[in-house]
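Beneath this line is the structure, given in structure tokens, with notes to follow.
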Amino acid sequence: DGQIIMSFPRAGRVCAAQILAELGDVRERFPAFDQLASEAGAVPVTYQSGKTRSVAFRWACNHRLRQAITCLADNSRHANEWAHGIYSAARARGCDHPHAIRILARAWLRVIWRAWTDRTPYDPARHLGALKLASSGGG
32 DGQIIMSFPR
42 AGRVCAAQIL
52 AELGDVRERF
62 PAFDQLASEA
72 GAVPVTYQSG
82 KTRSVAFRWA
92 CNHRLRQAIT
102 CLADNSRHAN
112 EWAHGIYSAA
122 RARGCDHPHA
132 IRILARAWLR
142 VIWRAWTDRT
152 PYDPARHLGA
162 LKLASSGGG
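Okay, so the sequence shown: first residue is 32 according to this note's numbering, each after it adds one.
Following this line, the structure appears as structure tokens:
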């Protein structure tokens with residue numbers, strides 16, 4: 032599993048080790064991406080009562096996993112065009128830096144979850160090919 036996490040751009044040894052330690056090796060723990068994203072604090076929580084609905088920062092999460100994933104996201108935006116594009120788009124929409132990093136972290140979590148569950152290292156060519164296919168309406 033170490034090779035899988037280390038295959039991501041600018042995933043240092045410490046950051047990768049933290050992610051691996053928090054993910055563990057029981058893949059059934061996160062059968063869906065949404066569960067991993069919630070556990071990592073990369074998605075907001077929705078509060079509802081009657082006609083009132085609000086969305087807020089998720090405090091109830093695995094803080095060590097959130098710190099490791101956001102560290103990976105922050106580092107990757109300097110070395111990966113796709114990551115830089117997501118970060119820049121979030122900043123252009125008016126998000127502050129921490130919020131933009133959480134948005135990027137959620138995007139990376141989707142890729143990490145797929146690589147981790149499939150037991151395959153990150154392949155930038157495959158990832159960008161899938162993005163092009165999805166954006167052209169073929170996926």
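Even for Gly, the Cβ is constructed at its ideal location relative to N, Cα and C.
No experiment lies behind these values; they were computed from the predicted model shown.
Self-check item: Backbone CA spacing between A71 and I134 [nearest angstrom]
Solution: Here the question's residue 71 lines up with position 40 in the sequence shown. Here the question's residue 134 lines up with position 103 in the sequence shown. When rounded, the distance between both Cα atoms is 12 Å.
Quiz item: Is Y153 helix, strand or coil by DSSP?
Solution: To locate residue 153, count along the sequence shown from 1; it is residue 122. Coil at Y153, not helix or strand.
Self-check item: 9 Å Cβ cutoff met for A95 and A136
Solution: Within the sequence shown, numbered from 1, the residue matching residue 95 stands at position 64. Within the sequence shown, numbered from 1, the residue matching residue 136 stands at position 105. A quick correction: the sequence has Arg, not Ala, at residue 95. Cβ distance not < 9 Å, so R95 and A136 don't count as in contact.
Quiz item: Is it right to say W90 is buried, meaning 16 or more other beta carbons lie within 10 angstroms of its own, or is it exposed?
Solution: To locate residue 90, count along the sequence shown from 1; it is residue 59. Its Cβ having fewer than 16 others within 10 Å, W90 is exposed.
Quiz item: Does DSSP put V45 in a helix, in a strand, or in coil?
Solution: Translated into the one-based positions of the sequence shown, residue 45 becomes position 14. Reduced to three states, the DSSP call for V45 is helix.
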